[in-house]
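In the numbering used here, the protein residues as written are 20 to 342.
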């Protein structure tokens, strides 16, 4: 696909202009395109190499990705939410809250939910509507040697336009490797007028909250929502290692492209990104007493508004690596 110049006006970050390729082509000898279509009811199973569509919790359609090297991931079409990422040992690095509801009416609480076209509270529903809509499987997937990939897509409809009156196309590419899970989110403006949005991948990592640590944020400008989420306190992160001693809800502006997360369970996870400008750390502490000790959120985000002109796209990548 051709590169597109993207003009981004940022509410809380400097304006950036960039040229970015929407995808890169793999070597022809390593790439196989598989057409996937969903036509029947939820009882239907559709198989491709490493890709299975079946019923998940609550009867919702669920994709299972399996890599040739033994890793596995699960993605629900509702919200395009990745709910599980298991490395070859069988250890699941993501966390789904025990109060998660799988009824196709409320967003799935846990895994990697989408925030689009709004991050946090605002004029439309909390974190936007993308996590509360059913995505579909794109016509093709690219399965490279050692990796398994699926592409999901979402387009505007009467539900989304009642809240956000724009035509758009979202494409979400999820690739599973032996020790990594990568995603590419492309938001294309298919309207005749420009639109702006904010976004995030609200990633829940399984963790021991008292031992979890994040490295790489020192020097970032912060918007700390503790103690008052409605009135964030501006500051600068001075710590080399950020931990979770209590309630944590903090935005890090212009975050680096790589963070190191130690989950307190003996695992180190590298969180890489391209074109996600910010990061968010969150743990609800006693506000969620049943499970707060078992997870922390380390999120790639775009807090400031991105403006996309008609027929242009905004593209952001995340790569989480287990070691």
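Note that CB positions come from ideal geometry on N, CA and C, so glycine has one too.
Asked	Found
N- and C-terminal bounds of the alpha helix (DSSP H) containing residue 179	177-180
Contact belief for residue 189 with residue 205 at Cβ below 8 angstroms, rounded distance in angstroms	7 angstroms
Three or more C-beta pairs below 8 angstroms linking the stretch 140-149 and the stretch 105-115	no
Every unbroken beta strand (DSSP E) within the stretch 242-316, with a cutoff of 3 residues, ordered by chain	252-255, 260-262, 267-272, 277-281, 287-293, 297-302
Straight-line Cα distance separating residue 295 from residue 200	16 angstroms
Exposed unless 16 or more other CB atoms sit within 10 angstroms - verdict on residue 260	exposed
8 angstroms Cβ cutoff met for residue 284 and residue 225	yes
6 angstroms Cβ shell around residue 265 - same chain, five flanking residues per side excluded	304
Contacts around residue 61, its chain only, beta-carbon distance under 8 angstroms, and the 5 residues preceding and following it disregarded	Any reading at residue 61 must be qualified, since the residue scores a pLDDT of 49, below 50, and its modelled position is unreliable; the value itself is stated next. If we look at residue 61 and ignore the five residues flanking it on each side, its Cβ neighbours are 74, 78, 79, 80.
Given 8 angstroms, three or more beta-carbon pairs between the stretch 304-322 and the stretch 180-199	no
Residue ranges of each alpha helix (DSSP H) within the stretch 95-159, 4 or longer	none
Sheet register partners of residue 198 (DSSP bridge)	Answer is none; residue 198 lacks a bridge partner.
The stretch 269-288 / the stretch 226-238 touching (three or more Cβ pairs under 8 angstroms)	yes
Cα-Cα separation between residue 103 and residue 215, rounded to whole angstroms	31 angstroms
Reference residue 184; option with closest CA among 193, 209, 169, 194	209
Residue 92 versus residue 101 - alpha carbon distance	7 angstroms
Residue 217, enclosing beta strand (DSSP E) - first and last residue	214-220
Residue 248 vs residue 326 beta-carbon contact at 8 angstroms	no
Residues near residue 306 by beta carbon distance below 8 angstroms, same chain, minus five either side	266
Residue 268 and residue 234 closer than 8 angstroms at C-beta	no
Which listed residue (134, 169, 317) has its alpha carbon closest to that of residue 324	134
Pick from 272, 246, 337 that is closest to residue 291, judged by C-alpha positions	337
DSSP state of residue 78 mapped onto helix, strand, coil	helix
In DSSP terms, what residue 73 is bridged to	81
Coil, strand or helix - residue 227 by DSSP	coil
Residue 182, buried or exposed, once every other Cβ within 10 Å from all chains shown has been counted against 16	exposed
Contact set for residue 211: own chain, Cβ-Cβ below 7 angstroms, skip 5 residues either direction	329
Same chain only: Cβ atoms within 7 angstroms of residue 254, ignoring 5 sequence neighbours per side	241, 243
Residue 337 - DSSP class collapsed to helix/strand/coil	strand
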